Amino acid sequence: MSDGELTVFIVDDEEASRDSLRALMASVSLNVKIFASAQEFLELYDPEWCGCLLLDVRMPGMSGLRLQEEMNQRRFDLPIIFITGHADVAMAVEALQNGAFDFVEKSIRGQLLLDKIHRAIEKHKQACRRRVRMKQLQARASLLTEREKEILDRVKVGCGTKVIAREFSVSRKTVDAHLTSIRGKMGVESTPQLIMLLYESGLLQPSFIEA
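Heads up, the final residue of the sequence shown is numbered 232 in the numbering used here, and it's a clean run with no missing numbers.
See the structure below:
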């Protein structure tokens with residue numbers, strides 16, 4: 022993933038505030054997308070977006086906190102930095118308890134806000150890279166034949182070549198040939214690497230690796 026794909030999304034109903042934040046992002050060459058309302062953002066949101074969200078708390082219609090709730094329900098993982106012109110401890114606590122990355126006042130110094138934004142983006146960058154990696158693995162897995170998928174399922178639960186061969190009434194040489202094909206399609210050189218790949222992708226539980 023290139024940094025050019027990382028974007029700061031700004032949702033604020035005040036034009037002056039949007040313009041000020043846009044200028045701040047431009048000063049350090051950050052990509053920006055602007056939204057005048059929570060509803061507009063939600064309608065256009067793409068789960069593939071990477072970066073962070075600067076979100077006003079108080080807005081007409083859907084508030085920032087309500088948008089956060091909706092994003093949580095839809096499992097949208099874009100990190101949120103709430104920005105408010107009215108300090109409110111209860112709001113800050115609610116936002117942070119619901120997973121907000123940070124909660125700041127609009128009077129915050131520009132560099133301090135940029136520092137928070139860069140940390141949020143860096144955090145989300147890792148999640149986005151994992152997402153890209155998962156898509157790559159899914160694309161590779163789609164190349165497997167039905168028999169290769171069946172054998173991979175046995176590998177995932179710890180079955181060895183001998184057990185797999187007996188289950189499918191084939192020779193161990195045939196199973197080895199299937200495993201060679203599977204490793205090639207999945208982009209690994211050995212069965213241990215294949216197992217580690219399955220573990221890293223979340224398709225295999227740590228307890229199996231440790232056993």
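Glycine included, every Cβ here is placed at the ideal spot set by N, Cα and C.
Just so you know, these numbers come straight off a predicted model, no measurement behind them.
Quick one, are the C-beta atoms of ILE203 and GLU167 less than 8 angstroms apart?
no
Q. What runs of the alpha helix (DSSP H), each 4 residues or longer, lie entirely inside the segment 159-211?
A. 167-177, 182-189, 193-207
Just how far apart, CA to CA, sit ASP136 and PHE122?
Answer to the nearest angstrom: the Cα atoms are 13 angstroms apart.
Using a 10 Å radius around the Cβ and a threshold of 16 neighbouring Cβ atoms, would you call PRO100 buried or exposed? buried
Check your understanding: What is the C-beta distance between PHE56 and PHE30, in whole angstroms, given that I count them as a contact (C-beta under 8 angstroms)?
Key -> About 7 angstroms separates the beta carbon of PHE56 from that of PHE30, a gap short enough to meet the 8 angstroms contact definition.
Reference LEU234; option with closest CA among SER41, ARG43, LYS54: For the chain, the structure presents residues 22 to 232; residue 234 sits outside this window and is missing.
message = Threshold first: 3 residues or longer. Then list the beta strand (DSSP E) segments lying entirely within the segment 81-142, N to C.
response = 101-105, 123-126
Worksheet item: CB-CB under 7 angstroms to MET80, same chain, minus the five flanking residues each way: which ones, in chain order?
Response: ASP34, SER58, ALA59
- Item | Beta-carbon spacing of ILE142, GLY72 below 8 angstroms | yes
Comparing alpha-carbon positions, which option in GLU188, VAL209, LEU117 lies nearest ALA162? Taking only the C-alpha atoms, the option nearest ALA162 is VAL209.
*May I ask you to report which of helix, strand or coil DSSP gives LEU51?*
coil
Practice item. Please report how far the alpha carbon of LEU165 lies from the alpha carbon of VAL196, in whole angstroms. Key: 14 angstroms
Just the C-alpha distance for MET22 and VAL176, rounded to the nearest angstrom, thanks.
-> Model confidence at MET22 stands at a pLDDT of 44, short of 50, so the residue's coordinates are unreliable; what they give is reported in the following sentence. Near 31 angstroms, if we compare the C-alpha coordinates of VAL176 and MET22.
Item to check | VAL78, DSSP secondary structure in three states | outcome: In this structure, VAL78 counts as coil in the three-state DSSP scheme.
**Item:** Unbroken alpha helix (DSSP H) run spanning ALA57, endpoints
**Value:** From DSSP, ALA57 is part of no alpha helix (DSSP H); its letter is neither H nor E.
- Query: Going by other Cβ atoms of all chains shown within 10 Å of its Cβ, with 16 needed for buried, is ALA116 buried or exposed?
  - Reply: buried
Have a look at SER41 and SER48 and give me their C-alpha separation to the nearest angstrom.
11 angstroms
| Closest to LEU51 by CA distance: which of LEU200, ARG95, HIS139, LEU88 is it? | HIS139
Please determine, among MET112, GLN89, LEU215, ARG39, the residue with the shortest C-alpha to C-alpha distance to GLY179.
-> LEU215
Can you check which of these residues, LEU65, GLU64, MET46, SER192, is closest to LEU75 by C-alpha distance? MET46
Residue from LEU86, MET112, PHE189 with nearest C-alpha to VAL32 = LEU86
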